[in-house]
Every structure is written in C-alpha cells, then in structure tokens.
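Just so you know, the protein sequences line up as chains A and B, in that order.
Numbering (my numbering) for the first sequence: 169 to 506.
Numbering (my numbering) for the second sequence: 169 to 506.
Quick reminder that beta carbons are idealized off the backbone N, C-alpha and C, glycines included.
To keep things clear, I will list the structure first and then write my remarks on it.
There are 2 protein chains.
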Amino acid sequence: MSEDLVAVRRPTLTQVAALAGVSLKTASRALNGEPNVAPETGRRVREAADVLGYRLNGIARELRRGGTSALVGLISGDLANPFYSAVASGIERELRQHGLQLVTANNDEDAVRERALVDAFLERRVRALLVVPSGEQHQHLDVEGNHGVPFVFLDRAPDGLAADAVLIDNAGGGRAAGEHLLGHRHRRIAVVADLSRLAPQRARIDGFVSAMRAVGNAAWEPYLRTEVHDARRAEQTVRELLDLRLPPTAVFTANNRLTTGALRALRGLADPPALIGFDDFDLADVLGTTVVAHDPMALGREAARLAYERVAGHRGPARTIVVSTSVVARGSGERPPR
Amino acid sequence: MSEDLVAVRRPTLTQVAALAGVSLKTASRALNGEPNVAPETGRRVREAADVLGYRLNGIARELRRGGTSALVGLISGDLANPFYSAVASGIERELRQHGLQLVTANNDEDAVRERALVDAFLERRVRALLVVPSGEQHQHLDVEGNHGVPFVFLDRAPDGLAADAVLIDNAGGGRAAGEHLLGHRHRRIAVVADLSRLAPQRARIDGFVSAMRAVGNAAWEPYLRTEVHDARRAEQTVRELLDLRLPPTAVFTANNRLTTGALRALRGLADPPALIGFDDFDLADVLGTTVVAHDPMALGREAARLAYERVAGHRGPARTIVVSTSVVARGSGERPPR
DNA sequence: ATGAAAGCGCTAACAG
DNA sequence: CTGTTAGCGCTTTCAT
C-alpha cells in the first residue's frame with residue numbers, strides 16, 4: 169500500500185510566537201480571534217504567521233479539543249452511478265450547513281471491504297457514518313461497539329440492529345408500477361430485477377406482485393427475471409423476453425441500470441412493448457420513458473439531517489424516514505398491449 | 169454554524185493497558201502487530217481492547233507521526249453533475265491503491281468559497297489537493313504558500329502558477345466537431361456555449377473557429393451564443409435559433425448540460441438540425457446523439473496519479489497531461505443540411 | 001520481551 | 001491584556 173511518502177514539516181505556532189516576540193498562548197489568541205489581545209500585538213502575530221507561511225494544524229487542534237473531527241463518512245457504491253452521486257450531493261449540501269465535511273468511500277458492493285471502511289472511518293474519528301449497505305448482513309455495522317458515533321442507513325433498512333434509516337417506498341413504487349400497467353390493460357408483464365439478495369429489489373417486486381394479486385392476474389409469472397445486475401445483461405434479457413413465442417406486452421425494470429439496458433433493447437423496434445422503470449433519470453423526458461420517480465438527493469439530505477441531529481445530541485429510539493415515489497407518465501408506460 | 173455538538177469519550181490505549189496489566193507501550197506493540205510481544209501478552213491485550221470496545225485514535229497517531237493525514241482533497245462543482253462525479257470516481261479508485269482517502273467539497277462555482285475550502289483542507293493537513301477551479305484567477309491556489317502540499321488542476325490550466333494539471337483537449341475537440349459538421353456539408357452552424365469566463369469553453373469555441381477558418385466558412389458567425397449556463401436556457405436558445413428567418417442547419421453544444429437542453433428543444437421536430445455535443449453521456453447511444461467524447465474517469469485517475477507521485481517524493485517541474493477526445497458518430501451529427 | 005519518559009502542536013485552565 | 005502549566009492519545013527513543 170502506501171510507500172515512502174515524503175513528510176513535510178510546517179511552521180508551528182511556537183515559531184510564530186517566537187518571531188512575534190510573544191508567548192504561545194497569545195499567538196493562539198490572536199490567530200483565533202479571541203478577545204483580550206492588544207491590536208498592535210495581534211498585528212505583529214499575524215504578520216509573523218504570514219512571513220512563515222503558518223497554517224493552523226487541524227489535527228493537533230482536534231486532538232486537544234477532544235479527539236473528534238468535523239468529518240462525516242459516507243460508504244456507498246461507486247459515485248459513477250448517478251444514484252449514489254445524487255445521494256452524495258444531497259448529503260454534502262446538508263452537512264455544509266453545519267460546518268461538517270463529507271468523506272466518501274466505495275464499498276465495491278463487498279461486505280468485507282465495507283467492514284474495513286467502517287473501522288477506518290471510526291479510527292479517523294468521524295462524527296457520523298452514513299451507509300448504503302452492500303448486502304444483507306449488517307452485524308459488522310453494529311452500533312453498540314462504536315461508542316456513540318451515529319450511524320444512518322440509506323436505501324436499505326438496518327438488519328438486526330437499531331439505527332436511523334432513510335428508505336425509499338420501494339413496495340409502494342413497485343405496486344404503483346404494476347397498477348399503472350394494469351390500468352393500461354396489460355396482463356403479460358415482464359419484471360426485470362437486480363440481485364434478489366438486495367432488499368430494495370425484493371420490495372419492489374413484492375409491491376408489484378401485490379398489485380397483480382389485487383386483480384387476480386397471474387399472467388406475469390412466466391416473465392419474472394431476477395439476478396440481472398448490469399445494463400448489458402438487462403438488454404439481453406429483454407431481447408430474450410421479446411423473442412418468446414408469447415412475448416410480454418409490457419416490461420417493468422427495477423432500477424436505473426436495468427432501464428438503460430431495456431431502452432437499448434427496445435431501440436428501433438417498430439412495435440415496442442410498454443416500459444416503466446424504477447428510478448428517474450436524466451433525459452427520461454426526451455426519451456419519453458415512464459418511471460417510478462423518487463428524489464435521491466432528498467434521500468441524502470434527510471440522512472444527513474438525521475445524522476446531524478444525533479451529533480448535536482438528540483437521543484431517543486431509531487427513526488425511519490420513508491421517501492415517497494410517484495409515477496411519471498411520459499409515454500412508454502402508456503403504450504397499449506398489442 | 170456548528171452548535172453544541174456532543175463529544176464522545178472513547179476508551180484510550182492507557183485504559184486497555186491497565187486492564188490487561190501491561191504498560192502502555194506493550195499494549196501499543198500488541199495492537200500494532202509489532203515484534204517482541206509474548207503471545208500470551210498479546211492475547212490479553214487484544215481481549216482487553218475488545219472488552220472496552222477500544223479503537224485506535226487516528227488523530228493522535230497522525231499528530232505523533234508528523235501531522236499529516238491520509239486524506240486527499242477534491243474541490244470541484246456539484247457531484248450531481250455527472251462530469252464531476254465521474255472525475256471523483258476515477259480519483260477515488262486511484263487513491264485507494266495507495267491507501268489514501270478522498271474528501272470532497274463543492275465550490276459552488278464561487279472563487280471566495282473555493283479559497284476558503286483550500287484553507288480548510290490545508291489546515292486539515294491533506295496530503296494533496298485536486299482542484300477543478302471555478303474561475304480564471306488562481307492566485308488563491310498559489311503553491312508557494314502551502315509548503316509542499318501538491319496541487320493538481322483538473323480541466324482548467326493553472327493561471328499564473330506552476331502546478332501539475334490534467335486537461336481535456338478542448339481545442340482539438342472543438343475543431344473535430346467543426347470539421348465533422350463541415351464534412352457533412354453544413355455551413356450555417358450554431359454554437360451554444362457556457363460562460364465565456366471558463367477557459368475550457370473558450371478553447372472549445374476557438375477550436376471550432378479554427379476549423380471554420382480552414383475552409384473559409386463564416387456563415388456560422390451570426391449563430392454564436394455564449395453565456396448559456398444551464399439546460400433550460402440552452403433549450404430556449406436553441407428554440408430561438410430555429411425560429412430565425414434563416415435558421416442554422418446544425419448545432420454544436422459545448423458541454424453536457426447544454427446538449428441536454430438542445431435535445432429537449434429538438435424533441436419531436438419533423439426536420440431537426442444536425443447536433444453534435446461536447447461530453448459523452450449516458451444513453452447518448454439510445455438517443456442517437458453524436459458527441460465529442462472523452463473519458464472523465466481517466467481525467468480523475470491521471471490527476472490522482474500525478475498527485476500521488478508528488479506525495480511519494482517526485483520532484484521536478486510541473487507536468488501537464490492532455491486527455492484526448494474523439495467524435496462518436498451516432499446519427500444526430502450526420503443529418504444533412506436541409 | 002517489556003517499560004519509562006518525552007513530545008507531536010495545539011487549547012484549556014489558571015494565574016499574573 | 002499576557003504568560004505558564006498541563007495534557008489530548010499516541011509513537012518514539014532509550015533503558016532494562
């Protein structure tokens with residue numbers, strides 16, 4: 169890992185004080201804008217600091233002030249995914265209001281790495297830790313062992329431990345998607361979903377299923393495809409579905425990547441099936457793609473808010489906020505069955 | 169700003185040592201896996217640490233080790249913009265190889281805020297600082313005053329100071345866009361560009377102009393529109409261009425946001441003008457949008473690499489890496505003039 | 001194999 | 001208004 173990194177010695181407050189001909193504490197006062205410093209003294213100190221190129225050592229300050237930083241950690245999937253980057257953006261904006269700084273890390277969707285990141289962040293004494301967990305098991309994120317550093321879960325409910333969480337109404341969104349397609353007289357509806365070990369995926373499917381049950385429709389069942397993890401496989405899966413002897417008349421894709429794949433498969437088709445995708449995305453309006461929309465930036469903002477409240481001293485039981493979803497009709501989801 | 173934040177006292181190494189019945193230093197050795205610790209002693213120390221829920225204090229360690237952290241700062245625009253999030257993702261992946269952690273901050277495209285962020289990062293003793301500068305003036309980012317913390321500029325060349333930089337071949341890309349449209353027999357070509365105070369925007373236009381000059385075409389000149397800063401205004405600008413008595417037959421949009429706006433304006437048109445956009449984007453393939461593509465993730469990766477080399481001791485003059493661009497033809501840029 | 005003492009750079013507490 | 005003393009939690013000599 170880290171090799172022979174070059175250390176840089178910077179001037180210290182002691183040196184500034186010496187140059188200014190005052191004591192350490194006076195220099196500290198002057199530079200921190202504390203009261204009880206003669207104007208002339210303050211000027212001399214600032215000048216000395218300038219000459220030396222002095223800059224406060226935040227590490228030393230933090231240690232002295234109680235060993236806790238102004239950093240908040242975020243552990244999530246790759247920022248290259250617009251969902252995660254929107255969440256990060258929402259978090260960053262909210263934290264900034266309170267003088268806190270965001271540190272991001274990518275869990276590679278791997279529980280072992282995630283665990284290591286949690287340790288590293290706690291050692292770095294982050295004020296709070298926000299996590300979009302990679303998998304099912306969350307013992308490695310247990311709050312007991314971390315002495316009061318608040319955890320907030322995003323997108324996935326904490327499993328087996330009490331912690332604040334901000335979730336999307338996945339089941340409601342899945343049900344709405346199903347109802348929307350049923351309302352346009354579809355019965356043979358394909359569902360293309362990601363790994364079933366991911367709770368949000370299961371919830372979206374469950375919601376969809378409940379909509380089907382409500383009207384006694386079972387014609388969708390042969391068209392369920394799960395464990396589709398990227399756009400390329402989604403594209404292929406949709407192609408295969410359309411090649412069936414009795415193809416589905418509509419497709420429901422359970423996240424943004426899968427919707428992308430489906431759009432590629434449907435591109436140029438004379439008579440494409442209806443399509444509704446979970447997660448809104450840039451240019452969906454131009455493409456005329458109907459989606460189950462929600463606000464990932466709000467997700468991040470709310471999570472940061474919960475974390476801050478804990479940092480600021482809020483006690484009390486774990487809270488859960490659910491961000492609502494809504495169907496945005498743009499054409500693709502309103503195509504009738506053929 | 170920060171209010172009455174609750175401090176959390178965690179167990180210290182001294183407490184672990186006391187519980188294990190050994191000295192401070194022995195506990196330190198055991199927990200850090202240093203040699204010369206009796207197996208039985210090591211076991212006792214680890215057990216004590218476990219019981220107390222001990223976690224190393226990284227702040228204290230960093231202070232003792234020389235006051236420099238394992239953090240690298242990134243100051244850029246909002247992560248909600250896919251360009252910046254792709255850059256951040258590329259940086260993060262590269263830094264990780266070297267055990268370094270990314271801290272991100274949003275400059276709000278404001279020089280004053282940017283300046284404050286630089287100070288804050290330097291106080292936090294980041295190992296290196298990567299900046300996508302908001303504006304023209306970079307004195308506030310001067311390397312002299314920062315005592316050897318390496319700076320790397322992304323996307324915009326450092327103005328008036330020597331620092332490593334990773335740039336996009338903006339002029340080359342602009343020229344290629346112009347040549348591409350000329351090659352498809354367009355002469356009345358509109359250019360929709362962002363704020364002209366941004367050097368990359370000017371370079372893209374300059375490149376485009378050089379392509380026009382090379383063939384003696386001046387018919388594009390009435391159709392230049394700059395200071396278009398968001399998708400909404402781009403949409404409106406393109407609408408206005410098409411409403412002209414003699415409208416342009418092609419449009420060149422100088423960044424991803426503006427391309428988005430143009431696509432909205434062109435949506436549903438029976439006989440749309442040709443379109444080529446700077447920056448590639450998700451689903452451009454589905455939309456059939458021709459672009460001047462480059463690799464923002466590579467931009468981040470290279471910047472992180474340069475920074476790491478400096479951190480690892482590389483001396484020598486400032487280096488500049490230029491990331492190349494290429495035209496990706498997908499249909500919109502190949503429509504003939506009408 | 002283990003321990004005692006010193007000190008990283010700063011701020012808090014208490015004098016003067 | 002200014003200075004002195006202590007110590008945050010850890011690693012680094014240097015002894016033992």
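Please list, in chain order, all residues of the same chain as residue i whose beta carbon is under 7 Å from its beta carbon, the five residues on each side excluded.
| i | result |
| --- | --- |
| residue 475 (chain B) | 240, 296, 298, 318 and 320 |
| residue 192 (chain A) | 181, 182 and 185 |
| residue 303 (chain A) | 279 and 365 |
| residue 395 (chain A) | 363 and 364 |
| residue 354 (chain B) | 417, 418, 442 and 505 |
In or out: residue i buried (at least 16 other Cβ within 10 Å) or exposed?
| i | result |
| --- | --- |
| residue 250 (chain A) | buried |
| residue 254 (chain A) | buried |
| residue 237 (chain B) | buried |
| residue 213 (chain A) | buried |
| residue 274 (chain B) | buried |
| residue 428 (chain A) | buried |
| residue 423 (chain A) | buried |
| residue 342 (chain B) | buried |
| residue 207 (chain B) | exposed |
| residue 203 (chain A) | exposed |
| residue 438 (chain A) | exposed |
Cβ of residue i within 8 Å of Cβ of residue j?
| i | j | result |
| --- | --- | --- |
| residue 430 (chain B) | residue 406 (chain B) | yes |
| residue 339 (chain A) | residue 374 (chain A) | yes |
| residue 227 (chain B) | residue 230 (chain A) | yes |
| residue 219 (chain B) | residue 187 (chain B) | yes |
| residue 397 (chain B) | residue 363 (chain B) | yes |
| residue 279 (chain A) | residue 324 (chain A) | no |
| residue 333 (chain A) | residue 209 (chain A) | no |
| residue 486 (chain B) | residue 330 (chain B) | yes |
| residue 420 (chain B) | residue 349 (chain B) | yes |
| residue 372 (chain B) | residue 361 (chain B) | yes |
| residue 473 (chain A) | residue 262 (chain A) | yes |
| residue 225 (chain B) | residue 235 (chain A) | yes |
| residue 511 (chain B) | residue 494 (chain B) | No information on residue 511 (chain B) is available, as it lies outside the stretch 169 to 506 that chain B covers here. |
| residue 512 (chain A) | residue 455 (chain B) | No statement about residue 512 (chain A) is possible, as the shown extent of chain A runs from 169 to 506 and does not include it. |
| residue 356 (chain B) | residue 440 (chain B) | no |
| residue 247 (chain A) | residue 247 (chain B) | yes |
| residue 403 (chain A) | residue 370 (chain A) | no |
Once the 5 residues before and after residue i are set aside, which same chain residues still bring their CB inside 6 Å of it?
| i | result |
| --- | --- |
| residue 459 (chain A) | 445, 448, 452 and 496 |
| residue 411 (chain A) | none |
| residue 468 (chain A) | 255, 258 and 259 |
| residue 464 (chain B) | 251, 254 and 255 |
| residue 197 (chain A) | 205 |
| residue 175 (chain B) | Since pLDDT at residue 175 (chain B) reaches only 48, below the 50 mark, its modelled position is unreliable, and the value read off the structure follows with that caveat. Here the set comprises nothing. |
| residue 265 (chain A) | none |
Among the options, which residue has its Cα nearest to the Cα of residue i?
| i | options | result |
| --- | --- | --- |
| residue 382 (chain A) | A:413, A:367, A:300 and A:346 | A:346 |
| residue 425 (chain B) | A:434, A:499 and A:450 | A:450 |
| residue 245 (chain B) | B:300, B:259 and B:207 | B:300 |
| residue 471 (chain B) | B:336, B:285, B:434 and B:216 | B:336 |
| residue 272 (chain A) | A:265, A:266 and A:294 | A:294 |
| residue 490 (chain B) | B:322, B:394 and B:207 | B:322 |
| residue 217 (chain B) | B:461, B:178, B:377 and B:261 | B:178 |
| residue 378 (chain B) | B:414, B:401 and B:344 | B:344 |
| residue 358 (chain A) | A:267, A:189 and A:392 | A:392 |
| residue 221 (chain B) | A:291, A:285, A:223 and A:269 | A:291 |
| residue 484 (chain B) | B:194, B:316 and B:326 | B:316 |
| residue 215 (chain B) | B:232, B:492 and B:195 | B:195 |
| residue 242 (chain B) | A:401, A:403 and A:270 | A:270 |
| residue 223 (chain B) | A:437, A:207, A:284 and A:266 | A:284 |
| residue 390 (chain B) | B:202, B:413, B:264 and B:276 | B:413 |
| residue 189 (chain B) | B:400, B:211 and B:202 | B:211 |
Residues in its own chain within less than 8 Å of residue i by CB, not counting five upstream and five downstream?
| i | result |
| --- | --- |
| residue 352 (chain B) | 418, 442, 501, 502, 503, 504 and 505 |
Counting only runs of 4+ residues fully inside the stretch 169 to 252 of chain A, write out the alpha helix (DSSP H) ranges in chain order.
DSSP runs (the alpha helix (DSSP H)) wholly in the stretch 169 to 252 of chain A: 181 to 188, 192 to 199, 207 to 220 and 226 to 233.
With a floor of 4 residues, list each alpha helix (DSSP H) that falls wholly inside the stretch 290 to 360 of chain A, ordered by position along the chain.
Here the runs fully enclosed are 338 to 351.
So within the stretch 259 to 283 of chain B, which uninterrupted beta strand (DSSP E) runs reach at least 3 residues, ignoring any that extend past its ends?
Taking only runs of at least 3 residues, the beta strand (DSSP E) segments lying wholly in the stretch 259 to 283 of chain B are 269 to 274.
For the stretch 354 to 429 of chain B, which segments carrying the beta strand (DSSP E) assignment without a break, of at least 3 residues, lie completely within its bounds, in sequence order?
You should have 357 to 360 and 418 to 421.
Completely contained beta strand (DSSP E) runs for the stretch 428 to 465 of chain B, where each covers 3 or more residues
The qualifying runs are 442 to 446 and 458 to 461.
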